[in-house]
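If you're matching positions, the sequence shown starts at 185 in our numbering and goes up one per residue.
Data block below; observations after.
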Amino acid sequence: MKKDIHPENYRIVAFKDMSNEEVFLTKSTADTKETLEVEGVEYPLVKLEISRTSHPFYTGKAKFLDTAGRIDKFKNKYKKFSKEEKKEETKEQE
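Right under this line is the structure:
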């Protein structure tokens with residue numbers, strides 16, 4: 185192993201899943217200015233949008249989340265490549 189390439193400042197950090205308010209503790213070097221008190225002890229806080237407690241793969245629950253109409257944008261952008269659209273265009277040209 186190479187020397188002096190791994191961080192030395194590991195500490196216990198609280199990770200909080202913002203979608204379901206779940207908190208778990210683990211060692212990390214992540215920088216953060218916020219803190220959170222867990223069981224009477226204050227830990228640095230890292231906020232997460234999704235974690236193992238809310239991800240559909242781990243929970244087995246499919247969750248539909250369409251942020252800013254991404255699916256509609258995709259469908260509109262690529263509908264000209266669909267087979268149905270091409271059929272309609274050829275009929276209109278005839």
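Glycine included, C-beta positions come from ideal geometry on N, C-alpha and C.
Computed from a prediction, not measured in an experiment: that's the story for all the values here.
Around the Cβ of VAL225, a 10 Å sphere holds fewer than 16 other Cβ atoms; the residue is exposed.
Between the segment 257-267 and the segment 210-226 there are fewer than three C-beta pairs closer than 8 Å, too few to call the two in contact.
Between LEU232 and ASP201, the C-beta gap is smaller than 8 Å, which places the two residues in contact.
In the DSSP annotation of this structure, ILE255 is not part of any beta strand (DSSP E); the continuous alpha helix (DSSP H) holding it starts and ends at 254-262. Out of GLU206, SER212, PHE208 and MET185, the CA that lies nearest to the CA of GLU192 is found in SER212.
Annotation: the continuous beta strand (DSSP E) that includes GLU226 extends over 225-232. Beta bridge pairing from DSSP links ILE196 with LYS211. For GLU221, the enclosing beta strand (DSSP E) has its first and last residue at 219-222.
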